[in-house]
Every structure is written in C-alpha cells, then in structure tokens.
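*Asks:* Before I ask anything, here is the structure I am working with.
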Amino acid sequence: MMNKVTVYLVRHAIKERTIGDVPITSEGEIQAQRTAQYFSNLGIHTILASPLRRATDTAQHISTSTNIEVNIDHRLRERANWGDLPGQTFEEFVEMWDRCTRDPDYIPPIGDSARQACERLSSLLADLVEAEVESTELGNDASDRNIVIVTHGGLITDYLANTFPESDLNRFHTHFISQQSQLVPECSITELVYEDGSFNLVRFAAVEHLN
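All you need for my numbering is the position in the sequence shown, starting with 1, plus 84.
Here it is as structure tokens:
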C-alpha cells in the first residue's frame, strides 16, 4: 500500500511592486519566517519552488527551518510574469491576465493559458506520486510524505479551477471561479492529500500561521 502524500501549496511572500523578477519585501520576509516556523515541526521531506525569485526567497526560509534543500522546478512558474513581454504596461498585463482567467483556453502572447498552467502543475504532482509508488515498491521508508511547493497564486487557482468540480471549490469560497484571482493571499497554505488514487483538496488558502 502506498504512503499517504500530503502536498502543501504555498504562495510566495509579499513581493516588491515593480516589473520583472522581483524579491520579497521586508514584510514578506516576516511572512516567510512565520511560514517556515509552521513547517519546522511537520516532518517535511521535499521542498520544491518556482524559479522566480519571490518563490525561491520564500522557499529558502522554509529550507533553513526544516534542513531540507530547495529544488527548483520550472513547471511551478506563474502563468505569466509582468516584464516577460517587452514594452507591456502593467495595465496591459492585467488585461491579459484577466482574459486568461475568464477563458482558460486563451493562450496569451507571452506565458501560458490557465489550462496549460494547470497541466504543468498536474504533471509535477503526477511525477511526485509516481516517485512514491516506486519507492514503496522498492520497500523504502514507509512513512507518509509531506511535500512543500512554493509557487504563485495564479498557478494554484489555475490548477484548482481546472481540476476540481466548481461545487467542490464553492465549499471553500462562494463564487470560487469568478473570484479566484483574489482568493490566495501571500504565504497562504493550500493542502492536497493523495489517497485512493487521486488528490483531495482538504484546506484552501489558510493564513492562521501568519498571526
């Protein structure tokens, strides 16, 4: 029997409000430290992060508190990042972003559609499960696995909105689909548990650890 796999999807801490691949702010540093403290006693086995600096900055705090190395996976990057398309204003970026949110199959001039972003994260999660299946078959450590993934709010909601029935999502927030862009605060934790052949959403955008 395969070990239970728990995946904690963490949005990065508050970032600098400017164009490009930006770091987290001093307030974000405090958020990241509190998030790291939360994970310090949970028995984390793996930490994965988006290559964007705001995610790696956040993940490094968790790495320090858990003594687990951060692994970068490009499938965890955001759907699109302001600054990737030369000459694009912030207003144009927001318009592009909102169109992607409304139409998950719309492929923007830079980046991925919401559905493509979902497929990226789904692919990573499938790989993690496959690795656990192989480990179990080889008779390795039989303990349950706890995995932290530090990524972006858009990718988290892209995955949820394109994976779970809307009725399931509305149990966590009414009108989830229409309001998804405002639902995942910085350093919030969304928890997925893999059991009986699929991932179940057990906690969404929790922030109690930040208080």
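Just so you know, even glycine gets a beta-carbon here, dropped at the ideal spot from N, CA and C.
#1: What residue does the alpha helix (DSSP H) around Tyr278 start on, and which one ends it?
#2: Straight-line CA distance for Ile231 to Leu212?
#3: Using C-beta distances below 7 Å, list every residue in its chain close to Ala215, excluding the 5 sequence neighbours before and after it, in chain order.
#4: Could you tell me the distance, in whole angstroms, from the CA atom of Val106 to the CA atom of Gln144?
#5: Taking 7 Å as the limit between beta carbons, can you name the residues of its chain near Tyr199, skipping five residues before and five after?
#6: Quick one: grab the DSSP three-state call for Ala97.
#7: Nearest CA to the CA of Gln121: which residue from Thr150, Ser262, Ile131?
#8: Nearest-angstrom Cα distance between Phe177 and Ser265?
#9: Ignore the nearest five residues each way along the sequence and tell me which others in Leu160's own chain have a CB closer than 8 Å to its CB.
#10: Assess contact between the stretch 277 to 292 and the stretch 249 to 257, defined as three or more Cβ pairs (one per stretch) separated by less than 8 Å. Is contact present?
#11: List in chain order: all unbroken beta strand (DSSP E) runs of 3+ residues lying wholly within the stretch 153 to 228.
#12: Straight-line CA distance for Val91 to Asn284?
#13: Taking all protein chains shown into account, decide if Thr173 is buried (16 or more other Cβ within 10 angstroms of its Cβ) or exposed.
#14: Near Glu279, what residues of its chain come up, given a Cβ to Cβ distance below 7 Å and the 5 sequence neighbours on each side ignored?
#15: Shortest alpha-carbon distance to Ala116 belongs to which of Asp196, Thr142, Asp168, Ile128?
#16: So, under 8 Å CB-CB, Ala210 and Pro192 are touching, yes? Tell me the CB distance rounded to an integer number of Å.
#17: Shortest alpha-carbon distance to Cys202 belongs to which of Arg101, Thr185, Gly281, Ile128?
#18: For Ser147, which residues from the same chain have a beta carbon less than 7 Å from its beta carbon, with the 5 sequence-adjacent residues on both sides left out?
#19: Using the C-alpha atoms, what's the distance from Arg95 back to Glu111?
*Replies:* Answer, in terms of the structure:
#1: The residue labelled residue 278 in the question sits at position 194 within the sequence shown. Note, Tyr278: premise wrong, no alpha helix (DSSP H); beta strand (DSSP E) at 273 to 279.
#2: By 1-based counting over the sequence shown, the position of residue 231 is 147. By 1-based counting over the sequence shown, the position of residue 212 is 128. When rounded, the distance between both Cα atoms is 9 Å.
#3: Start at 1 with the first residue of the sequence shown, and residue 215 comes out as number 131. Excluding residues within five positions, none has a Cβ falling inside 7 Å.
#4: Here the question's residue 106 lines up with position 22 in the sequence shown. Here the question's residue 144 lines up with position 60 in the sequence shown. Cα to Cα, Val106 sits roughly 15 Å from Gln144.
#5: On the sequence shown, residue 199 is found 115 positions in, with the first residue counted as 1. The sequence shown places Arg at residue 199, rather than the Tyr named in the question. So the list reads Pro188, Asp189, Asn246, once near-sequence residues are dropped.
#6: Residue numbering aside, residue 97 sits at position 13 when the sequence shown is read from its first letter. Residue state, collapsed to three classes: coil.
#7: Translated into positions along the sequence shown, residue 121 becomes position 37. The candidate whose alpha carbon is nearest that of Gln121 is Thr150.
#8: Translated into the one-based positions of the sequence shown, residue 177 becomes position 93. Translated into the one-based positions of the sequence shown, residue 265 becomes position 181. If you take the alpha carbons of Phe177 and Ser265, they lie about 14 Å apart.
#9: Within the sequence shown, the letter at position 76 stands for residue 160. Same-chain partners within the cutoff: Leu132, Ala133, Ser134, Pro135, Ala139, Arg204, Leu205, Leu208, Ile233, Val234, Thr235, His236, Leu239.
#10: yes
#11: 154 to 156
#12: Working through the sequence shown from its first residue, we reach residue 91 at position 7. Working through the sequence shown from its first residue, we reach residue 284 at position 200. Looking at the two C-alpha atoms, the distance is approximately 10 Å.
#13: Along the sequence shown, one-based indexing puts residue 173 at 89. Per the 10 Å Cβ criterion, exposed.
#14: In the sequence shown, residue 279 corresponds to position 195, counting from 1. So the list reads Lys88, once near-sequence residues are dropped.
#15: Position 32 of the sequence shown, counting from 1, holds the residue named residue 116. The candidate whose alpha carbon is nearest that of Ala116 is Thr142.
#16: Locating residue 210 in the sequence shown gives position 126, counting from the first residue. Locating residue 192 in the sequence shown gives position 108, counting from the first residue. No, Ala210 and Pro192 are not in contact; Cβ-Cβ is about 25 Å, not under 8 Å.
#17: For this step, residue 202 is matched to residue 118 along the sequence shown. Cys202 has its Cα closest to that of Thr185, out of Arg101, Thr185, Gly281, Ile128.
#18: Counting from 1 along the sequence shown, the entry for residue 147 is found at position 63. Excluding residues within five positions, the ones whose Cβ falls inside 7 Å are Ile131, Glu153, Val154.
#19: As a working note, residue 111 is residue 27 in the sequence shown. As a working note, residue 95 is residue 11 in the sequence shown. In a straight line, the C-alpha of Glu111 is about 15 Å away from that of Arg95.
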